[in-house]
Every structure is written in structure tokens, then in C-alpha cells.
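Participant: From first to last, the protein sequence lines stand for chains A and B. Residue numbers are given in my numbering: position 35 of the first sequence equals residue 1317, and the series is strictly consecutive. Residue numbers are given in my numbering: position 18 of the second sequence equals residue 1300, and the series is strictly consecutive. We put the CB at the ideal spot given by N, CA and C, even for glycine. Handing you a structure now.
2 protein chains.
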Amino acid sequence: MSAAPQVRGIPEASIARLPLYLRALQSMADRGVTTVSSQQLAVASGVNSAKLRKDLSHLGSYGTRGVGYEVAYLVYQISRELGLTQDWAVVIVGVGNLGRALANYGGFASRGFRAACLVDADSAQVGQRVGGLVVDHLDDLERLIAEHRIAIGVITTPASAAQRVADRLVAAGVRSVLNFAPTVLTVPPDVELRKVDLSTELQILAFHEQRRVTCAADAAVSL
Amino acid sequence: MSAAPQVRGIPEASIARLPLYLRALQSMADRGVTTVSSQQLAVASGVNSAKLRKDLSHLGSYGTRGVGYEVAYLVYQISRELGLTQDWAVVIVGVGNLGRALANYGGFASRGFRAACLVDADSAQVGQRVGGLVVDHLDDLERLIAEHRIAIGVITTPASAAQRVADRLVAAGVRSVLNFAPTVLTVPPDVELRKVDLSTELQILAFHEQRRVTCAADAAVSL
DNA sequence: GCGCTTTTGTGCACCCGTTCACAAACACGT
DNA sequence: ACGTGTTTGTGAACGGGTGCACAAAAGCGC
């Protein structure tokens, strides 16, 4: 196991950017590009080139000075680092509009993820076909997680149900949760929880938008 | 204009947490809570209490020492700071699964946002009713933005179309963009761009999940 | 009016992440 | 074989954010 230099030392911020680099690299590979410099890849990823080099250096010295990086090799190394060389089975809990959108989302399968189960608490939804899958009932969550070896849980329920669902996912052994419900979830420290929050993003935009008009008004007054 | 203490000095990280506090506060208000301490609100928001106090102090001294904060007043102040006392008109570009989900999402209207327009490049979609709105054609984007006084653009198109859409939004005067397409967008520096990226979030989870099994394997070897 | 308790607001030290700038390393032409 | 030009990898300075710990302030009971 000497292949891993310092596996545990990669900063979280670098990890969050690796998917970005990977996407840019795959796009380049599709266009037949075989070699790329840190400068080019940085522009394509929208980051600083020094930052990019430092990020890549965390997974090893895979570049050649005076030349750059070999695209295919870098794709492989990043994929391996992110654990995308295997398929991860995902359960989507909550078959509302968003759950349906995710189930139909093509980006899953192409990137190492597979929507293995869809569950909902509403019996009227159970049995429906959504994105090539049949909706199961929430009651069977634990059984489905065990049978399909689910590693990742995605919560697209209303906020009121999200914490209960999270608790059940964790109790059933899921240790990676992606939450779309607009609420704060509490999970044990060994569970990785990430959240995607639409209205928060919009509110941040609204702040900047309002600050703009406020500043404009202030400037008008001071003229 | 002496009401604004230091409008321009609020750190971005604090802004990003204000929506979180606001949600917790509104939930408390609904339950009839009138006063809250920084400790309580911090727990409800999942943050450190000192951080919360520092965040709130950026908008003024709205607390009472020995007592805490008045919920209703804090809701008002945060809403005002975030610019949620007015309604923001939003255009959703791209009526795929995700665009539909957003158009039907109830969380918009309740939080100061209004999906004013839906547009799509596909003529087959135009004229359909989605979430109480009729889909317009992408060709009319500029006219719709002007007529509806659109301030915020949401991009839910395929990645290949996203940059062109962003360019048109910006050219039509939109300066706040929320991008769901899995691609890096380039906009002028005075445009506020935020992104929500599903597959990136999943890939970050996959990294931690894989690291877990790697560590477990390493531990097994060293035993 | 006064001391006691509670809670805010904040100075300070620490840590993580970013960016600059440069030496080491490699390819390539001659 | 050797100099030249290019690009990586990284040391070091910098900046922003976080959390501790405490003084200042407000309410409350007596």
C-alpha cells in the first residue's frame, strides 16, 4: 500500500474542486486533447492556476515540468481519488417534483452513481414508474438499503419529514447524506452530511441585488 | 440615511448564514416564541453561538443583554438586510425536469421570490402550463426580462446551452444568476453568479465514503 | 438603590485557504 | 552535449473566518 502518499492530508477545499477539474478534463478528452497545462485547465475550471497546481500536488506529482499534465492519466487519478472507479448505489427519499427530477437526471449514471431505489411515504406514489424505477414505500427503507447495498441517501422530502428520514438512513448504516430539504439536520459526527438549499442561494443573490440598489441610492444622495 | 451602520462591511460568510437564521426564527415565530437567546438560535441553526452573535452584530445591536433577541424584530431586520421585504421576479430558463421542479416549488413565493417567467428553446414546450405559468419561447427572453422587471435568472438548461443563456441574461440587464447546469460559466465581474451542482456534491460524498473503506482496509492491514 | 445573574458584543489568538513568486526539473533544438 | 525556454511544485506571506474568553450591560429581586 505504498501507492498512497498522504491519503489523509487532502484539504476539504481541494476535494470540493476535484469534480470541477474532472469535468473540464473529460470535456478536453472528448475533444481529443491529450496534454494540458495548469494554466489552461485553470481557465477551463475558473480557478487560479497556482491553486490548481497545489490541489493536484496533493494527489501526487503527476505533471511533467515544461510540458503539463497528461489528460487521460489525470482523469484516471482524480476519478480514483474521488472513488468514482466504482458505482455507488443511491436511494432517493421523497418522490416529489425534485425527487422526480433527480431520478430522471442523466448525470448520475455517467459519473459513477446509480439511483438504485426511490421511496415515498405516500402510498399513492408507490408502484409508479419514475425514471425506469418503481417507487417503493418508505416502510421498506431499511430492507432496500441492505439489499441494494446503498451507500448514499438523498433526501427530497418536505422539511417536516427530513430529520426522521435522516435518522432512519443513519440507523440503517448510510453514512453519506445529501439533503435538499430546507431544514437543519442533525446526524452523528461520523456521518458526512451535505446540503443543497435553493431558497438560501436565492436569498444570497437577493442580498447582493438589494445592496446594489442601496449603494446606487447612497451614491445619488451624496452627489 | 443614518439607519445603515456599516452596510458594506458584512462578510460574505455571514451573509450566507443569515437565511439559515431567518428560517429558524420564522419557525420559532410560528410556534409562538417571542424571545430567543443566541445559544438557542445557534443550536436551531447548527452553528456556534459566538459566530451567530458576531453575525448578528454586523447588522446592528439588536439584542438585549441578559435577555436575548426579540424574534419578530430579528426576523424583520434580517429580512430587510437580505432584501426580502420586496418581491423579486425570477425567470427560469430551461423547462426540463429540474426547471419544472423549481417552477412548482412552493418555497419561492413564501420567501419573497416569484417565478415570473418560464422559457425554453424547445417549441414543443412553449404554451404548456407548468406551475400556474405558461412557458414562453427563449427567443422572447429579452422582452420578458424588460416587461416583468426580472432581477434574477435561474439556468436549468443542459450544460451546452448554459453559457449562451447566461450571456443573454447579462446582456438583458440581469445581474444575479443561479446556475444549475453542470458547467463553469463566465460572467462580468459586476454580475453575481452562484451555482448549485448536484454531481459535484455527490462526488464529494463519494470521496469521503471511499476514504472510509480505504482507512478501514489500512487499519486491517496494520493490525 | 444595589448586588446578583444572565446574556450580549467583541478583542484576540489561531487556523485554514489563497496567492505570489521562484527555484528545480524537464523537453527540445542546435 | 549543452544552453534555452517553458512549466511544475512549493516555500512564504497574507487575509479572512472561527471560537474562546471576558468585560460591559441589562433585568430582577429585595
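Determine the direct distance from the alpha carbon of Arg1494/B to that of Gly1414/B, and round the result to whole angstroms.
Facilitator: Against the second sequence, residue 1414/B aligns to sequence position 132. Against the second sequence, residue 1494/B aligns to sequence position 212. Spanning the two alpha carbons is a distance of roughly 46 Å.
Participant: Are the C-beta of Phe1489/B and some C-beta of chain A separated by less than 7 Å?
Facilitator: By 1-based counting over the second sequence, the position of residue 1489/B is 207. Answer yes: the Cβ-Cβ gap between Phe1489/B and chain A drops below 7 Å somewhere.
Participant: May I ask which residues mark the beginning and end of the beta strand (DSSP E) holding Ala1371/A?
Facilitator: Here residue 1371/A is taken as the residue at index 89 of the first sequence, counted from 1. First-last of the beta strand (DSSP E) with Ala1371/A: Trp1370 to Val1375.
Participant: Give the straight-line distance between the Cα atoms of Leu1384/B and Leu1420/B, rounded to the nearest whole angstrom.
Facilitator: In the second sequence, the residue the question calls residue 1384/B occupies position 102. In the second sequence, the residue the question calls residue 1420/B occupies position 138. Straight-line Cα distance between these residues: approximately 18 Å.
Participant: Hey, quick one: how far does the beta strand (DSSP E) through Val1417/A stretch, first residue to last?
Facilitator: Here residue 1417/A refers to the residue found at position 135 when the first sequence is read from its first residue. Leu1415 to His1419 is the span of the beta strand (DSSP E), which, as asked, contains Val1417/A.
Participant: Find the nearest neighbour of His1430/B within the set Gln1322/B, Val1373/B and Val1466/B, judged by alpha-carbon distance.
Facilitator: In the second sequence, the residue the question calls residue 1430/B occupies position 148. Of the candidates Gln1322/B, Val1373/B and Val1466/B, the one whose C-alpha sits nearest the C-alpha of His1430/B is Val1373/B.
Participant: In three-state DSSP terms, what is Arg1425/A?
Facilitator: Taking the first residue of the first sequence as 1, we reach residue 1425/A at position 143. Three-state result, Arg1425/A: helix.
Participant: Going along the chain, which unbroken runs of the alpha helix (DSSP H) with 4 or more residues stay wholly within the stretch 1427-1459 of chain A?
Facilitator: The qualifying runs are 1441-1453.
Participant: When you compare only the Cα positions, how much space is there between Tyr1355/A and Arg1446/A?
Facilitator: Taking the first sequence and counting its residues from 1, the one referred to as residue 1355/A is at position 73. Taking the first sequence and counting its residues from 1, the one referred to as residue 1446/A is at position 164. Rounded to whole angstroms, Tyr1355/A to Arg1446/A spans 43 Å at the Cα level.
Participant: By the criterion of Cβ-Cβ separation under 9 Å, what are the contact partners of Thr1346/A in chain B?
Facilitator: As a working note, residue 1346/A is residue 64 in the first sequence. Simply none; closest approach about 25 Å.
Participant: Just confirm the distance between the C-beta atoms of Val1452/B and Val1473/B, as a whole number of angstroms; I'd bet it's less than 8 Å.
Facilitator: As a first step, residue 1452/B must be located in the second sequence, where it is residue number 170. As a first step, residue 1473/B must be located in the second sequence, where it is residue number 191. Their Cβ separation, rounded to whole angstroms, is 6 Å, which keeps Val1452/B and Val1473/B in contact under 8 Å.
Participant: Going along the chain, which residues of its own chain have a beta-carbon closer than 8 Å to the beta-carbon of Ser1309/B, five neighbours each way excluded?
Facilitator: Mapped onto the second sequence, residue 1309/B falls at position 27. Correct list, in chain order: Ala1326.
Participant: Report all residues from its chain with a CB closer than 6 Å to the CB of Ala1286/B; omit the five preceding and five following residues, and keep chain order.
Facilitator: Translated into the one-based positions of the second sequence, residue 1286/B becomes position 4. Residue placement at Ala1286/B cannot be trusted, given a pLDDT of 37 that sits under 50; what the coordinates show is reported in the next sentence. Here the set comprises nothing.
Participant: Taking 8 Å as the cut-off, does the stretch 1339-1354 of chain A touch the stretch 1461-1475 of chain B (at least 3 CB pairs, one atom from each stretch)?
Facilitator: At 8 Å Cβ cutoff, the stretches do not touch.
Participant: If distances are taken between C-alpha atoms only, which option among Thr1316/A, Ala1398/A and His1490/A comes closest to Gly1345/A?
Facilitator: Locating residue 1345/A in the first sequence gives position 63, where the first residue counts as 1. It is Thr1316/A whose Cα lies nearest to the Cα of Gly1345/A.
Participant: Does the beta-carbon of Gln1359/A have 16 or more other beta-carbons within 10 angstroms, so that it is buried, or is it exposed?
Facilitator: Here residue 1359/A corresponds to residue number 77 of the first sequence, with the count starting at 1. Buried, by the Cβ-count rule.
Participant: For the alpha helix (DSSP H) containing Asp1337/B, name the first residue and the last one.
Facilitator: Reading the second sequence from its first residue, position 55 is the one you call residue 1337/B. Unbroken alpha helix (DSSP H) run through Asp1337/B: Ser1331 to Ser1339.
Participant: Can you list, in chain order, the residues of its chain whose CB lies under 6 Å from that of Leu1304/A, leaving out five sequence neighbours each side?
Facilitator: The residue you call residue 1304/A lines up with position 22 of the first sequence. The answer, listed in chain order, is Ile1360.
Participant: Please report how far the alpha carbon of Leu1341/A lies from the alpha carbon of Leu1487/B, in whole angstroms.
Facilitator: Your numbering for residue 1341/A matches position 59 in the first sequence. Your numbering for residue 1487/B matches position 205 in the second sequence. Each residue's Cα considered, the two are about 18 Å apart.
Participant: Per DSSP, Asp1402/A forms a beta bridge with which residues?
Facilitator: Reading the first sequence from its first residue, position 120 is the one you call residue 1402/A. Bridge partners of Asp1402/A: His1419/A.
Participant: In terms of residues, what are the limits of the beta strand (DSSP E) holding Arg1476/A?
Facilitator: Taking the first sequence and counting its residues from 1, one reaches residue 1476/A at position 194. It spans Glu1474 to Lys1477 - the beta strand (DSSP E) in which Arg1476/A sits, taken as one unbroken run.
Participant: According to DSSP, what are the bridge partners of Asn1461/B?
Facilitator: The residue labelled residue 1461/B in the question sits at position 179 within the second sequence. Answer by DSSP bridge pairing, in chain order: Ile1437/B and Lys1477/B.
Participant: Please list the residues of the stretch 1370-1389 of chain A that have a C-beta atom closer than 9 Å to any C-beta atom in chain B, keeping them in chain order.
Facilitator: Result list: Trp1370, Val1372, Gly1378, Asn1379, Leu1380, Gly1381, Arg1382, Ala1383, Leu1384, Ala1385, Asn1386, Tyr1387 and Gly1389.
Participant: Mind checking Pro1293/A: buried by the 16 CB within 10 Å criterion, or exposed?
Facilitator: Residue numbering aside, residue 1293/A sits at position 11 when the first sequence is read from its first letter. Burial call: exposed.
Participant: Just the C-alpha distance for Leu1484/A and Gln1368/B, rounded to the nearest angstrom, thanks.
Facilitator: By one-based count along the first sequence, residue 1484/A stands at place 202. By one-based count along the second sequence, residue 1368/B stands at place 86. If I take the Cα positions, the gap works out to 13 Å.
Participant: Which residues of chain A have a Cβ atom closer than 9 Å to the Cβ of Gly1328/B, listed in chain order?
Facilitator: Here residue 1328/B refers to the residue found at position 46 when the second sequence is read from its first residue. Here the neighbours are Val1466, Leu1467 and Thr1468.
Participant: Are the Cβ atoms of Ser1442/A and Pro1464/A separated by less than 7 Å?
Facilitator: Residue numbering aside, residue 1442/A sits at position 160 when the first sequence is read from its first letter. Residue numbering aside, residue 1464/A sits at position 182 when the first sequence is read from its first letter. Result no, Cβ atoms of Ser1442/A and Pro1464/A do not sit closer than 7 Å.
Participant: In the DSSP output, which residue or residues are listed as bridge partners for Gly1350/A?
Facilitator: Reading the first sequence from its first residue, position 68 is the one you call residue 1350/A. Note: Gly1350/A sits in a beta bridge opposite Thr1346/A.
Participant: By the criterion of Cβ-Cβ separation under 7 Å, what are the contact partners of Gln1492/A in chain B?
Facilitator: Here residue 1492/A corresponds to residue number 210 of the first sequence, with the count starting at 1. Within chain B, the residues near Gln1492/A are Gly1365.
Participant: Is His1419/A close to the ligand NAD? I mean its beta-carbon at under 6 Å from any heavy atom of the ligand.
Facilitator: With respect to small molecules bound, the structure shown includes none, and the ligand NAD cannot be examined in it.
Participant: Please list, in chain order, all residues of the same chain as Asn1461/A whose beta carbon is under 6 Å from its beta carbon, the five residues on each side excluded.
Facilitator: On the first sequence, position 179 is the one that residue 1461/A refers to. Same-chain partners within the cutoff: Ile1437, Leu1467 and Lys1477.
Participant: Could you check which residue in Asp1422/A, Pro1301/A, Ala1324/A and Ser1331/A has the C-alpha nearest to that of Val1357/A?
Facilitator: In the first sequence, residue 1357/A corresponds to position 75, counting from 1. Per the Cα distances, Pro1301/A.
Participant: Strictly below 7 Å CB to CB, what residues from chain A border Glu1474/B?
Facilitator: Counting from one through the second sequence, the residue named residue 1474/B turns up at place 192. The contacting residues are Leu1487 and His1490.
Participant: Tell me which same chain residues have a C-beta within less than 6 Å of the C-beta of Ile1434/A, skipping the five on either side of it?
Facilitator: Stepping through the first sequence from its first residue, residue 1434/A is reached at position 152. Hits under 6 Å: Trp1370, Val1372 and Ser1458.
Participant: Determine, for Ser1296/B, whether the minimum Cβ-Cβ distance to residues of chain A falls below 7 Å.
Facilitator: Reading the second sequence from its first residue, position 14 is the one you call residue 1296/B. Taking Cβ atoms only, chain A never reaches closer than 7 Å to Ser1296/B, which makes this a no.
Participant: Just list the residues that DSSP pairs Ala1397/B with in beta bridges.
Facilitator: Counted from its first residue, the second sequence places residue 1397/B at position 115. Val1372/B.
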